[in-house]
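A short worksheet on the structure shown next.
Numbering (UniProt numbering), first residue to last: 1 to 375.
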C-alpha cells in the first residue's frame, strides 16, 4: 500500500549498460484494488533529479459479502410485530449486477402485502411474525462470479400460540373415569409460562378451573377431569402467557363421551407381482381413510385370508398395510377394523384378486356379514 517499498524486483542491463530495466513480480489480491504503484529511478550522480512513473491497479474479484441487522436492532430481543431490516454490504470489482436473498435456503420473494420488501442491498420485514424466524443470507453476483454472505439467525420472540396451529381437538372421556386433558403451546421465550384453564359455559362465559388442579411441564399443561353426568362434558379452554404477552386465542378441547371408533372408509387394494424364491408371488397394498376415533387414540387391524387360511394379521398406527408373499392369481379376503380402548368398529370387507390392479370396498356388519362387495 502507500509508502511500502516492494522488494520482489529483478534488474537487467541493456544497451551496453546504458539502459536498466526493473521488473516487479506481484501477487495481486483484491486488497490491492485501487492501490497505486510508483516506479522511481535515480542516477547516483544526479540524486536530485529522479524520474518516476505510476499506475493505479484495477483488480477484478468476486464479491465480498457481509450480512448484518440494521444498527438499531438487537437480534436477541426481536419481538413479533416489530419492523426488521437486514443489510447486505458488498465490496466488488467490477460492480455487482444481482443480489439475491434467502430464508432457510429458500429465495425470498418481494411481497409488499406480506410485509416482505426486497430493495437491492436491504431486506425489510414489516410487522415480523414468528414464521419469519430462521436463517437469512444474501448473495451478490458480478462478472467474476457469485458469493454468499454469512448467516444471520433471527429468533422472533412471541406470545404463546397453540402448538402446531391446532386450536381445537376432540377428546373422549368415560363417565366416572378421571381423564387427563393436555394443552400444548409454542412460545418464545418458553420458560416461566403461566397457565389458565376454564370451562366454556353455554352463554359464552368462562368458568375458571382452580389453580391447584393445573399441572405444568414446560410448554405443556394438563388438568384431570372426571365426567359424572352428561352436563360434565363440553369445551375446556386453556391459555398461556409469557413475558411477551398473553395468548390471544385459547386452545379448545371438546370433551365427548368415549366410544368405539368408526369404520374406516374408501379402502383400496393394489396388487403387485414379484418373483420370490423361484415361486411367483404377489404383494398387496391396502390403504383406507380413517374415521372418527371415538374420542380416543385408535389403531387399525388388517386380516387377510387366502383359500380359507389366515395369511396376515397386521396392526398399524395408520390404515395402511403391505401384505407380502401372496399367491398370484388367486382370490383374497380382507377385513379392516379400527380399535380403541372402548372397543372396535364394524369391519370393512374387501374381496380382491391378486392379479387385479385396483379394488374398492364396502362396509360389513360384524354380526351378520352383510354388505359384502366382491371386486
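Ideal placement from N, C-alpha and C gives every residue a C-beta, glycine not left out.
Just so we're clear, the structure is a prediction, and the values are computed from it rather than from any experiment.
Residue i versus residue j - alpha carbon distance
i	j	result
residue 240	residue 82	22 Å
residue 232	residue 353	50 Å
residue 301	residue 342	15 Å
residue 292	residue 185	24 Å
residue 339	residue 286	17 Å
residue 155	residue 236	31 Å
residue 359	residue 226	Annotation note: pLDDT 46 at residue 359 (below 50); position unreliable, coordinate value reported separately. Residue 359 and residue 226: Cα-Cα distance of roughly 45 Å.
residue 160	residue 98	39 Å
residue 118	residue 252	39 Å
residue 95	residue 106	25 Å
residue 254	residue 206	14 Å
residue 52	residue 104	55 Å
residue 310	residue 317	21 Å
residue 131	residue 321	36 Å
residue 179	residue 221	14 Å
residue 108	residue 65	17 Å
residue 182	residue 217	10 Å
residue 7	residue 17	22 Å
residue 234	residue 72	49 Å
residue 312	residue 333	10 Å
residue 328	residue 158	58 Å
residue 3	residue 31	15 Å
residue 256	residue 246	28 Å
residue 189	residue 112	29 Å
residue 204	residue 165	23 Å
residue 351	residue 308	12 Å
residue 269	residue 230	41 Å
Same chain, Cβ closer than 6 Å to residue i, five either side skipped, listed in chain order
i	result
residue 123	86 and 101
residue 153	135
residue 197	209, 214, 223 and 238
residue 33	59 and 93
residue 288	264, 267, 319 and 336
residue 23	10
residue 248	none
residue 201	207
residue 163	184, 185 and 186
residue 39	53
residue 325	281
residue 290	264 and 319
residue 75	69
Rounded distance between the beta-carbons of residue j and residue i, thought under 8 Å
i	j	result
residue 150	residue 67	6 Å
residue 187	residue 219	7 Å
residue 37	residue 54	6 Å
residue 306	residue 345	Wrong, their Cβ atoms sit about 24 Å apart, outside the cutoff.
residue 79	residue 314	At roughly 50 Å, the Cβ-Cβ gap does not stay under 8 Å, so residue 79 and residue 314 are not in contact.
residue 41	residue 50	6 Å
residue 304	residue 323	5 Å
Cβ-based neighbour list, residue i, same chain, cut-off 7 Å, excluding 5 preceding and 5 following
i	result
residue 115	125, 126 and 127
residue 427	This structure does not reach residue 427, given that the chain is present from 1 up to 375, and the question cannot be answered.
residue 70	85 and 87
residue 110	116, 117 and 118
residue 260	294, 340, 342, 343, 344 and 345
residue 167	249, 251 and 252
Contacting residues, own chain, Cβ-Cβ under 8 Å from residue i (five flanking each side not counted)
i	result
residue 121	87, 88, 89, 90, 99 and 138
residue 19	13
residue 176	226, 227 and 228
- Query: Do the region 58-70 and the region 16-27 meet, that is, are 3 or more Cβ pairs less than 8 Å apart?
  - Reply: They do not touch, by the three-pair rule.
Count the CB pairs spanning the region 160-179 and the region 285-305 that are closer than 8 Å, and state whether there are at least three. Note that the region 160-179 touches the region 285-305; at least 3 beta-carbon pairs, one per stretch, sit closer than 8 Å.
Count the CB pairs spanning the region 141-156 and the region 208-223 that are closer than 8 Å, and state whether there are at least three.
-> No, they do not touch.
Notebook entry, point to check: Counting Cβ pairs, one atom from each stretch, are 3 or more of them under 8 Å apart for the region 178-196 and the region 238-253?
Noted result: Cβ pair count under 8 Å is three or more, so yes.
- Task: Starting from the N-terminal side, write out each stretch of the beta strand (DSSP E) that is 3 residues or longer and does not extend beyond the region 139-176.
- Result: Listed in chain order, the complete beta strand (DSSP E) runs (minimum 3 residues) inside the region 139-176 are 145-148, 152-154, 158-162 and 168-173.
Can you give, in chain order, each stretch of the beta strand (DSSP E) that sits fully within the region 187-225 and has at least 3 residues?
When DSSP assignments are scanned along the region 187-225, the uninterrupted stretches of beta strand (DSSP E) that are 3 or more residues long and fall wholly within it turn out to be 194-200, 206-208, 214-217 and 220-225.
Practice problem: Within the region 31-68, note down every full beta strand (DSSP E) run reaching 3 residues or more, in order along the chain. | Solution: For the region 31-68, the continuous beta strand (DSSP E) assignments of 3+ residues that do not extend past its boundaries occur at 36-43 and 46-56, in sequence order.
task = Write down every uninterrupted run of the beta strand (DSSP E) in the region 261-343 whose length is 3 residues or greater and which is fully enclosed by it, in chain order.
result = Counting only runs of 3+ residues, the beta strand (DSSP E) found wholly inside the region 261-343 occupies 265-276, 279-289, 299-306, 309-316, 320-327 and 331-340, in chain order.
Which complete alpha helix (DSSP H) runs does the region 83-110 hold, if anything under 4 residues is left out?
Whole alpha helix (DSSP H) segments, 4+ residues: zero.
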